[in-house]
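Asker: In my numbering, the protein residues as written are 1491 to 1979.
C-beta atoms are modelled at their ideal positions from N, C-alpha and C, and glycine is treated no differently.
One structure coming up, written as structure tokens, with questions to follow.
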Ligand code: FRU
């Protein structure tokens, strides 16, 4: 009998040939074969995450075009099919019915070499005014240099979003649309709607190495193939910001939120959008993830109106047949004061196995050591109370094989996870709620449903323990729970 993993890989390998028939070209055949060839090695690597979305193998970066359509959550991602290092980009594809179990699908988009494309960069998916699924992306080629000459292209999808054909209207946006304004690194189209109007925003900068700005375009036809330039929607307020990549712009409650990736920690801005003038005025700002491994996030609106975000997790060691994965889906909201809130999607609790639990542990002088589920894929929930202590520390060790323990510490104003720090407001009563996800080489920490912090770690051994300690006075662990987590595949 075929092992399910082999069956999945076979499907991954064969479907492009079935669905494109005679049109299958050499480019996609070679890319598909390269991913399939690397998969056995990638999938047996003990450091490869099991509950974070990734390609079956090879290099991935940004999540692209997240969309909920006809009963499936679809995610695409930047894929370099030919190695586990960066190189020419294609769009990989996964889908899920429930945000819990995911299915790897054939490569969705590849360069149309006959049309002078060499790479398919980041973008979005939407449904146009005729009800057709469309994706928009930045098209790169020898005469479409990313820095100063890229175009924005579109493709039209079948209902399963597996088969795409490039729009006959390509390029849908060329530099000519910008009415003479030069925009450098003009890329990463993202579409949003406000009332009856459809807008598209792009990243880039207005001077060669500065003046980072989000530019905005308004759709002029239901097919979304004609666009009018409406100017700079948002000029980045920091003089030093070199560019903004992958803008995402959406409404949460009655406030508008902008995400930008400025070659560093991802920033959010919350404020008001005026659809008549096409200007966004930010009132507050913050950082989406305080580690240095979360970048270029992309968001999806789900049918009940909630907004989810995935980021690209990077910084893994090379040479293992895979490199990169996506963050956990995080559910977003904004406080009335304009602070972004984030929580792992509630569906993730379906990945939990048998829990272990402790209640009301007094922490004073020296540590308490608790045995965790015997795995290096787990979730820990810690409800902690500083009381009169200055700080509480958590040390997670994996047993004998462990290279480096995970160190987490917080005071009433700061959270520290290994070498990364985040400002923190613990509740007035000194309480902190931490959710810690350990997925072999990925660590994602959420504090008080607000702070996110991701780190790449060396995987724990298989007898992990959690040690708790308080400094400068007594403190209390109100509740500690831990679960082994299952694979999403
Ligand atoms: C962000 C980014 C995007 C670009 C893509 C190329 O990580 O640089 O701006 O479209 O990656 O892979």
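Do you know how far the Cα of residue 1766 is from the Cα of residue 1591?
Answerer: Their Cα atoms are separated by approximately 42 angstroms.
Asker: Counting Cβ pairs, one atom from each stretch, are 3 or more of them under 8 angstroms apart for the region 1553-1566 and the region 1607-1622?
Answerer: yes
Asker: For residue 1630, tell me which candidate among 1607, 1644, 1624, 1649 has the shortest Cα-Cα distance.
Answerer: 1607
Asker: Between residue 1970 and the rest of its own chain, which residues show a CB-CB distance below 6 angstroms, the 5 nearest in sequence each way excluded?
Answerer: 1848, 1872
Asker: Mapping the DSSP letters down to three states, classify residue 1871 as helix, strand or coil.
Answerer: strand
Asker: Give the straight-line distance between the Cα atoms of residue 1773 and residue 1518, rounded to the nearest whole angstrom.
Answerer: 46 angstroms
Asker: According to DSSP, is residue 1944 helix, strand or coil?
Answerer: strand
Asker: Between the C-alpha atoms of residue 1512 and residue 1741, what's the straight-line distance to the nearest angstrom?
Answerer: Here residue 1512 scores only 37 on pLDDT, less than 50, and its place in the model is too uncertain to base an answer on.
Asker: Quick one: using the 10 Å Cβ neighbour count with 16 as the cut-off for buried, is residue 1934 buried or exposed?
Answerer: When all chains shown are included, residue 1934 counts as buried.
Asker: Can residue 1574 and residue 1812 be called in contact, C-beta distance under 8 angstroms?
Answerer: In contact: residue 1574 and residue 1812 (Cβ atoms closer than 8 angstroms).
Asker: Beta-carbon separation of residue 1540 and residue 1977 under 8 angstroms?
Answerer: yes
Asker: Reducing DSSP to helix, strand and coil, say where residue 1516 ends up.
Answerer: Helix, per DSSP.
Asker: On the DSSP letters alone, give me the boundaries of the beta strand (DSSP E) that residue 1842 sits inside.
Answerer: Premise fails: residue 1842 is in no beta strand (DSSP E) and is neither H nor E.
Asker: In the DSSP assignment, find the unbroken beta strand (DSSP E) run with residue 1593 in it and report its ends.
Answerer: From DSSP, the beta strand (DSSP E) with residue 1593 extends over 1592-1599.
Asker: Given this structure, state the Cα-to-Cα distance separating residue 1827 from residue 1624, to the nearest angstrom.
Answerer: 35 angstroms
Asker: Are residue 1542 and residue 1818 touching if we call contact CB-CB under 8 angstroms?
Answerer: yes
Asker: Taking all protein chains shown into account, do 16 or more other C-beta atoms lie within 10 angstroms of the C-beta of residue 1697, making it buried, or fewer, making it exposed?
Answerer: Exposed, because fewer than 16 other Cβ atoms sit within 10 Å of the Cβ of residue 1697.
Asker: Run the CB neighbour count on residue 1494, radius 10 Å, all protein chains shown included, and call it buried at 16 or more, exposed below.
Answerer: Only weak support is given to the placement of residue 1494: the predicted model assigns it a pLDDT of 46, under 50, and the value that follows is read from those uncertain coordinates. Classification of residue 1494: exposed, given that the 10 Å Cβ count is below 16.
Asker: Given a threshold of 16 other Cβ atoms within 10 Å of its Cβ, counted over all protein chains shown, does residue 1844 qualify as buried or as exposed?
Answerer: Answer is exposed; the Cβ neighbour count stays below 16.
Asker: For residue 1575, is the beta carbon positioned less than 7 angstroms from some heavy atom of the ligand FRU?
Answerer: no
Asker: Indicate, with yes or no, if the ligand FRU has a heavy atom lying under 7 angstroms from the CB of residue 1678.
Answerer: Yes - the ligand FRU has a heavy atom lying nearer than 7 angstroms to the Cβ of residue 1678.
Asker: Identify which residue in 1858, 1577, 1804, 1868 has its Cα closest to the Cα of residue 1840.
Answerer: 1868
Asker: Using DSSP with H/G/I as helix, E/B as strand and the rest coil, what is residue 1527?
Answerer: helix
Asker: Please state whether DSSP places residue 1607 in a helix, a strand or coil.
Answerer: Coil at residue 1607, not helix or strand.
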